[in-house]
Structures are given as C-alpha cells and as structure tokens.
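In terms of the working numbering, the sequence shown opens at residue 402 and continues consecutively. We put the beta carbon where it would ideally sit given N, CA and C, even for glycine.
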Amino acid sequence: MMEGIAKNAVEQMLSKFVPKFFEGISDKYKSFKLQQDIDLRVIFQEYLEYSFTKYSTVKTLLYKNEGRYLYDFYEPQFVKSSKNSSIDLTNTNLLFNKCKRIIITGTGGIGKSMLMKHIFINQINNESSTPIFIELKSMNNVNIEAFEIKDFIYDEMKRHHFKLSRKLFLEAWSLGIIPLYLMVWMR
C-alpha cells in the first residue's frame with residue numbers, strides 16, 4: 402500500500418521536476434536529454450520512493466511494533482514566525498513562501514520529528530520541490546576535520562537509493578539545478 406502511494410506521489414512530482422533539471426544543464430548534457438531524462442526519472446524516483454516510504458511510516462508509543470502511515474494519526478499544525486505571524490502547515494509551500502531559513506525548536510516529545518516528516522512528504526505530494534531529508538544523528542561518525550557539506554549530503558542521499566554520479570551531482574549543485582530544501586533533525 403505504502404509503495405503505491407509513494408510511487409504515485411513521486412511520479413507526479415518528477416514529471417514536473419526532471420524537465421526543469423535540463424533547462425539549466427550545460428550543452429554537453431543536452432544532447433543526451435532523452436536518455437538522461439529516462440535515467441534521471443529512475444535516479445530520483447528510487448531516492449524519493451525509498452525516502453517517502455521510510456519517512457511516511459512511523460512507529461510511536463501507540464504503535465510500537467508496527468509502523469503506521471503518518472497521516473493515519475498526524476494533524477498538520479500551525480507555526481509562528483519570528484514576526485509572530487501564524488503559518489498553516491497543511492500546505493508546506495506556505496511555509497517556504499514566507500521563510501527562507503527555518504529553525505524548529507522545542508522540548509522532547511512535542512512532535513518536531515513528525516513535523517519534519519510531514520514537511521518532507523508534503524513537499525513531494527505538492528510537487529513543489531525535491532526535498533533532501535537528513536537526520537543530524539547521521540553526523541555522529543563524521544570526521545569534522547575533513548567535513549565537506551556537499552559530500553556529506555551526497556553520501557546521505559546515496560544511502561537512500563540515490564544513484565546519480567557524484568560528479569554530476571556536484572555539477573548540478575553548483576549550477577543550482579538541484580533545489581535544496583534541506584531538512585535536518587536531531588534526536
């Protein structure tokens with residue numbers, strides 16, 4: 402069931418995203434547009450389907466033994482901006498339209514992790530971006546002396562079935578082709 406929901410949401414989002422990817426890519430890659438279009442759909446589709454399924458299935462105190470679909474029990478919230486305006490998170494595009502940088506804070510157990518998962522899933526369902534979701538706990542074993550944010554993000558995406566080469570990923574990043582709505586959270 403989750404795979405079907407993930408597949409439909411990702412396919413709709415990719416039908417809008419992949420053509421935009423090629424609008425900004427250099428001429429040497431445009432000649433391979435048709436094959437690359439097919440390959441990129443597969444590359445992003447696997448990453449997004451895997452991540453969508455992973456983050457939309459949640460275990461809680463109520464459902465310890467088996468993951469449940471996030472929206473079986475999650476209700477989107479309102480957040481306050483630094484200017485004290487209220488933002489409805491039913492559609493997370495409203496959040497990104499009002500704020501470029503977002504920090505969500507709070508005490509343990511109030512739903513920050515659920516909120517981050519909702520934002521990730523909602524961005525895919527809205528077909529508005531290709532979100533990259535990274536848990537800060539994955540930085541626990543990183544050598545800070547040799548830390549490079551682009552490499553770290555690429556490696557985290559690879560762990561979630563992202564199959565674009567590092568070279569093409571870094572080139573796309575430098576051209577601003579990969580829209581980064583980086584979502585991180587700490588446990």
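- Residues Val-459, Leu-471, Tyr-475 of the same chain have their beta carbon placed closer than 8 Å to that of Met-515, with the five preceding and five following residues left out of the count.
- Non-local beta-carbon contacts of Gln-413 in its own chain, meaning distances under 6 Å to residues more than five positions away in sequence, involve Glu-528 in chain order.
- Under the three-state reduction of DSSP output, Lys-481 falls in the strand class.
- In the pairwise beta carbon analysis, the region 562-574 is classified as not touching the region 482-491: fewer than three pairs are separated by under 8 Å.
- Ser-452 and His-519 do not touch by the CB rule: their CB atoms are close to 14 Å apart, not below 8 Å.
- Residue range 550-560 is occupied by the alpha helix (DSSP H) that includes Asp-556.
- Val-411 sits close to Ile-525, with the two beta carbons spaced by under 8 Å.
- In the DSSP annotation of this structure, the continuous segment of the beta strand (DSSP E) that includes Ser-487 starts and ends at 487-489.
- Nearest C-alpha to Leu-415 among Gly-509, Pro-532, Lys-465: Pro-532.
- Per DSSP, the unbroken beta strand (DSSP E) holding Glu-536 starts and ends at 533-536.
- Only residues of its own chain outside the window of five on either side were considered, and among them Glu-450, Phe-453, Thr-454 have a CB closer than 6 Å to the CB of Ala-407, listed in chain order.
- By the C-beta density criterion, Tyr-464 is exposed, having fewer than 16 other C-beta atoms within 10 angstroms.
- In this chain, the alpha helix (DSSP H) harbouring Lys-568 covers 567-575.
- Closest option to Val-480, judged by alpha-carbon separation, among Asn-409, Asn-466, Phe-548, Ile-511: Ile-511.
- When rounded, the separation of the alpha-carbon atoms in Leu-565 and Tyr-448 is 10 Å.
- Here the alpha carbons of Thr-493 and Ile-522 stand approximately 10 Å from one another.
- Closest option to Lys-513, judged by alpha-carbon separation, among Phe-497, Met-540, Ser-530, Pro-477: Pro-477.
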